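K.L.:
Residue 877 is where the sequence shown starts when you use this note's numbering, and the numbers rise one by one after that.
Cβ coordinates follow ideal geometry from the N, Cα and C atoms, glycine included.
Just so we're clear, the structure is a prediction, and the values are computed from it rather than from any experiment.
Handing you a structure now.
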Amino acid sequence: MKKNENINSLQALAEQSAEMKNLLVRISAVAAQINLHGWAEANAGNISVDVSSLLGSEQGASKDWYLVSRSGSRYRDLAADPLSVLLLVSPSEPARGDGSQSSEWGCHLKLQQAARSRACGSKVVLHAHPDEIILLSQLDLFQNQESLNRALREALPEMSIFFPRGVQPVKSAPPGSGELAELSFQALGDHNVLIWQGHGILALGRDPDHALDQIEVVAKAARLLLGRFFLTNIAK
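In structure tokens:
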């Protein structure tokens, strides 16, 4: 990548870096899949990607750079034209691009920094609103992490393979709030998936596809679990 004091645009970065260009392609593909799943009503959900290693120190004083979806943006727009939806953000500098970052950016940043500190290789934080996961979070068993994960493993044994430490429930807090960000940070520990009560799911992944894989697995387990509850009640 050419040395430059300022990052003029994501388009220029994509033209200079094949890795950045491929990342944008994968973000677009994942956004399209989330939209097809019906997990992103209106402007629901958001994404952030740590791209510090792609930009390098020549791009500014800060070494921390993130691609973040704009406030009010839709996954279907991200799928169609990622350059129009994503902002390049550094915690120490104004966002590069039109608009402001997602209202959940404060939470994303806390989790991105936690992922970096534990050196787990996660660079993507992906948030979506699967119906089955939101419904699951309203059941009594959601209040107990052990009970929740046991039920999910019983519904889909592959949960043990994908999530040997389980998934982590996070109690309800206003979307985009500092309270939700702090609750999420405290809950994360060595987990990769958080379920926000009544709100949706948030996954950390090595790349956009890995993050989506994890959401798909938990969503399937939730569907099977809810289906079993339904069949059990019908049988009664």
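LEU900 and PRO958: beta carbons closer than 8 Å?
P.N.:
yes
K.L.:
Provide the residue(s) that pair with GLU980 in DSSP beta bridges, ordered along the chain.
P.N.:
Paired residues: none, contrary to the question.
K.L.:
With a floor of 3 residues, list each beta strand (DSSP E) that falls wholly inside the segment 1021-1080, ordered by position along the chain.
P.N.:
1044-1046, 1069-1072
K.L.:
Measure the CB-CB distance between VAL1046 and ALA1057 and report whether it falls below 8 Å.
P.N.:
no
K.L.:
The beta strand (DSSP E) spanning ASN869 covers which residue range?
P.N.:
A query on residue 869 cannot be resolved here, the shown segment of the chain reaching from 877 to 1112 and no further.
K.L.:
Alpha carbon to alpha carbon, what distance is there between GLU980 and VAL965?
P.N.:
13 Å
K.L.:
Hey, ALA1102 and LEU1011 are a contact pair by Cβ (cut 8 Å); roughly how many whole angstroms apart?
P.N.:
The sequence given here places Leu at residue 1102; Ala does not occur at that position. The pair is a contact, with the Cβ atoms about 6 Å apart (cut-off 8 Å).
K.L.:
Using alpha carbons as the reference points, say which of LYS939, GLY982, ALA890, LEU912 lies closest to ILE923.
P.N.:
GLY982
K.L.:
Rounded to a whole number of angstroms, what is the C-alpha to C-alpha distance between VAL1069 and LEU1059?
P.N.:
Rounded to whole angstroms, the gap between the alpha carbons of VAL1069 and LEU1059 is 13 Å.
K.L.:
For a test of the three-state rule: what should DSSP assign to ARG1099, helix, strand or coil?
P.N.:
helix
K.L.:
Should ASP1066 be labelled buried (16 or more other beta-carbon atoms within 10 Å of its own) or exposed?
P.N.:
exposed
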